Each structure stands twice: as C-alpha cells, then as structure tokens.
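Per numbering that gives the first Met the number 0: the sequence shown = residues 0 to 350.
Every residue, glycine too, gets a C-beta built ideally from N, C-alpha and C.
These figures come from a predicted structure and were not determined experimentally.
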Amino acid sequence: MSTIKDKILHKSKIYPIVLILIILVVRNYREKNAQEETSEFTQIQGTTMGTTYSIKYENELQSNLKNSVDSILADFNNSLSTYIEQSEISKFNRQDSISLSYPYLRYMFNESQRIYENTQGAFNPTVMPLVRAWGFGPGEATYPDSSKVDSIMQYIDFESIQLKGNQLHKIKEGVELDFSAIAKGYGVDVVAQYLTSLGINNYMVEIGGEIVCKGHNPAGKSWTIGVEDPQSNGLSQSAIASLTLNNQAIATSGNYKNFKIKDGVKYAHTINPFTGYPQMQTLLSASVIAPTCAEADAYATAFMVLGFDKSKDLIENLDNVHAYLIYSDEEGNVKSFISDDKLKKQFVTLQ
C-alpha cells in the first residue's frame, strides 16, 4: 500500500518529465510558426535590363511567379530597350513614326512629358545621341569635342516628338528616345502592379536598386531599405542610412557608380541636356521617395542634372515627392539633406 511519501516521490519524478514535454511542445510550436511565417513569403531573382532583380512576396497560394515575371519583363524590354534592335523604341529611333503594340512606350512617353515639364527640361529622354557619343549606351564611346557636341545638341528636342492615338511620331529627323533614366523604375511598377492584380498585398520589388514596397515584410513590420553611401567603393559597399517604406517607391541616382575615365578625366553617366556634357556635381547622390518608382527614378536623374540648390527649390513644388540628398559643401565636407519632417520620421538609421 502506497504511503503519502511514495506518492510525493512519484509526483516528483513525473513533474520534470511533464515539464520537459511541455517545453518541447512549445518549442516545436514556435519553430513551426517561424517556418510557416518564412514560408509565406517567396523570393525570386533574375536578370533584366542589364542588371538584376529581386522580388519578395507573400505567397499564400504557394505559387512561384518567376516565369510570369520573366515573361512580363521580356515584353517590357521588347518595347523599351535600346539594346534590342527590333524593340519598339529602337524602331522608332530609326524611323519617323511607329504604331505602338505594347502599353509601355505610351506610358513612358506621357509620364516623361509630365516630368520634363515639371523639371523645365532637366529630365529629357531625347539625350540618346549624347548618351551614345559619351559611351553610356549601345556602341563605342567617341568622347566628342565641343564642335561635335554642338552639332548633336540640335537633336536634343523632346518637344519634337508627338503621340497621337496609337502613333508615335517625330517632326525632326534624327531625334531619338532613351528611357533608361526612368525605365528601371517603371519596370518595378509594372511588376508591382502584376502582384497587386493577383491579390498580393505584401511585397518588395527591386530592379537594379530601384524599389517598391507594399504592406509588411515577413516579420510583419514595415520594409526597411538601405541607402548606399556614395563614398563607398565598389568592393565594400555600405549603407549611409536606412528608412522604412510602406506603399512607396524609392530610386537613387548618383555618379559614384556609373562613370568612365579617359586620359585621367572622369566622365559621369548623367548627361546634362542643356549643355551636352556629362554632369559632375557637388550633389553626390539623390534618393527620391514617391508613389511610383517611375517618377522617383526620373526625378532622381533630374536632381543630378540640376544640382543641390535647384533640386531643393524644385522639391518644394512637387506633391508627394520626397528626397534625401547627399552633397559636398564648399569646403568639401559631405552633408545630407532630408526634404521634410514626414520623411525624417521614416529614417531608422542616419549617419
């Protein structure tokens, strides 16, 4: 017959076992939930427009969208890539007019026209002859002298191109289009719109550093995006700041990455449509936050043309467009400018 002492000893042996089982059950539950949280998001990667893309999206249906995304981007390039001879834009650059088959070139023209007007020509997608001459497009660089630049400038004329119905027409022979300063951003928007059309509300789409974020990340928080330090070298890139984005886009332009050096002279990839020459500025980089990545991309380019002071003035007159500018002052000190208090609140870290 069991005594009270025996029962106590028996329970003292059972309780640790039960406790261990409870711990194991809780741990397994947490690990399972963590796995489920991670597995709800899918990441796909690939190449497009001469760069890479990365997409993270909430995937409740467990479907891989890479083939669909690649197909969309292939059509996109067949419309807008100047590196594809039979693309719509390449055909237009060789001809006086074309009938549009895809929706992309139409949108690019209309959006570019709006931003061209807002920036008083600082964003100008007819710089193609200059881009090619300076070696930042298809073909070899010629590094033109002043007389050659002057002869090319007559073709930098966006107002000589008209869109009527489905027909894109130029009224001045020799004018060419190049949407490389806005196309990556627009490509991000196109992929983001596709995800939204599928009912996906939490995602991040990135193409060549241009980004759109919607909803929350896998941890259930706002997406956090880093801004590259324009003074970091290509071997050890580092972020100078990070900020949260929700239903916003960000694009950064700067001459610290894409440039050429000839005979000891550095040529930046930003071409000034007013002068015809590569633009070297005290403005080191411009990160623009906007509702769409296309406009963020275009304004970032325009700011690099305008420089720090004129960019500050322009931002004040733009709706829902914010900027983080990194520049060098008169003494050569690197400084930064955040356009408004609303944007300041989005920064997580700031050097």
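Residue environment, residue i, which counts as buried when at least 16 other CB atoms sit within 10 Å
i      : result
ASN271 : buried
ALA238 : exposed
GLN280 : buried
ALA218 : exposed
ARG93  : exposed
LYS183 : buried
GLU84  : exposed
ASP318 : exposed
GLU116 : exposed
ALA73  : exposed
GLY164 : exposed
Presumed contact (8 Å Cβ cut-off) between residue i and residue j, rounded CB distance
i      : j      : result
PHE346 : TYR326 : Rounded, the Cβ-Cβ distance is 17 Å, inconsistent with contact.
GLY186 : MET48  : 6 Å
ILE206 : TYR52  : 4 Å
ALA180 : PRO229 : Rounded, the Cβ-Cβ distance is 18 Å, inconsistent with contact.
ILE71  : TYR193 : 6 Å
ALA293 : GLU110 : 6 Å
Residues near residue i in its chain [Cβ-Cβ closer than 8 Å; skip 5 each side]
i      : result
PRO128 : ILE151, TYR154, ILE155, GLY173, GLU175
SER86  : ASN76, ASN77, SER78, LEU79, SER80
Residues that DSSP places opposite residue i in a beta bridge
i      : result
MET394 : As displayed, the chain neither begins before 0 nor continues past 350, which places residue 394 out of reach and without an answer.
GLY45  : TYR52
LYS309 : Paired residues: none, contrary to the question.
TRP133 : Its beta-bridge partners do not exist; DSSP assigns none.
PRO277 : ILE270
Rounded C-alpha distance that separates residue i from residue j
i      : j      : result
TYR101 : LEU79  : 10 Å
GLN161 : GLN112 : 10 Å
LYS334 : PHE157 : 34 Å
PHE108 : THR81  : 15 Å
GLU330 : THR291 : 36 Å
CYS212 : ILE43  : 15 Å
LYS341 : SER145 : 44 Å
SER196 : TRP222 : 20 Å
GLY275 : GLN119 : 16 Å
SER286 : ASN77  : 28 Å
ARG26  : LYS309 : Its pLDDT being 38, under 50, ARG26 is placed unreliably in this model, and the coordinates cannot settle the point.
GLY198 : ALA248 : 19 Å
PHE323 : SER338 : Looking at the sequence shown, residue 323 is not Phe but Tyr. Roughly 6 Å between the two C-alpha positions.
ASN316 : GLN61  : 44 Å
ASP95  : LEU244 : 42 Å
ALA289 : PRO143 : 36 Å
THR41  : ASN66  : 14 Å
PHE178 : ALA121 : 14 Å
Residues near residue i by beta carbon distance below 7 Å, same chain, minus five either side
i     : result
PHE75 : TYR103, GLY186, VAL189
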